[in-house]
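Take a look at the structure:
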């Protein structure tokens with residue numbers, strides 16, 4: 142049996158308000174859902190880090206600005222529903238290329 146991974150979903154305190162598309166994507170990818178409060182003053186990347194989440198699921202990239210997307214990718218993967226995109230987290234120890 143596949144073990145669930147931690148996941149953060151942006152934008153709702155209430156699970157019943159999360160779009161069905163996000164639920165289906167989470168299930169397909171094997172993620173357990175957690176919800177981020179819309180009114181939280183804590184930066185999204187810090188919430189993802191605090192939850193030790195493996196990924197952030199978003200309805201689309203329009204739900205975050207480019208700086209937030211970059212900050213989240215420092216700690217977790219980002220998956221979007223529409224368009225269906227996957228952004229891998231940045232490498233913790235990037236390879237150093239020899240000259």
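Residue numbers (the working numbering): 142 to 240. Glycine included, each C-beta is placed from N, C-alpha and C at the ideal position. Fair warning: this is a prediction, and the values are worked out from it, not measured in the lab.
Give the range of the alpha helix (DSSP H) segment to which residue i is assigned.
{"i": "residue 221", "result": "Where residue 221 is concerned, there is no enclosing alpha helix (DSSP H), although the beta strand (DSSP E) it sits in stretches over 218 to 221."}
{"i": "residue 190", "result": "185 to 191"}
{"i": "residue 214", "result": "207 to 214"}
Spatial neighbours of residue i within its chain, please: C-beta separation below 8 Å, excluding the five flanking residues on both sides.
{"i": "residue 214", "result": "228, 229, 230, 231"}
{"i": "residue 162", "result": "200, 222, 223"}
{"i": "residue 143", "result": "Low per-residue confidence applies at residue 143: pLDDT is 40, beneath 50, and the placement is therefore not dependable enough to give any value."}
{"i": "residue 165", "result": "none"}
Let me check one thing: in DSSP terms, what residues is residue i bridge-paired to?
{"i": "residue 226", "result": "221"}
Beta strand (DSSP E) containing residue i: first to last residue?
{"i": "residue 196", "result": "196 to 199"}
For residue i, which residues of its own chain have a beta-carbon under 6 Å away from its beta-carbon, when the five flanking residues on both sides are left out?
{"i": "residue 197", "result": "149, 189, 213, 217, 219"}
{"i": "residue 181", "result": "none"}
Are the CB atoms of residue j and residue i within a distance shorter than 8 Å?
{"i": "residue 205", "j": "residue 185", "result": "yes"}
{"i": "residue 202", "j": "residue 208", "result": "no"}
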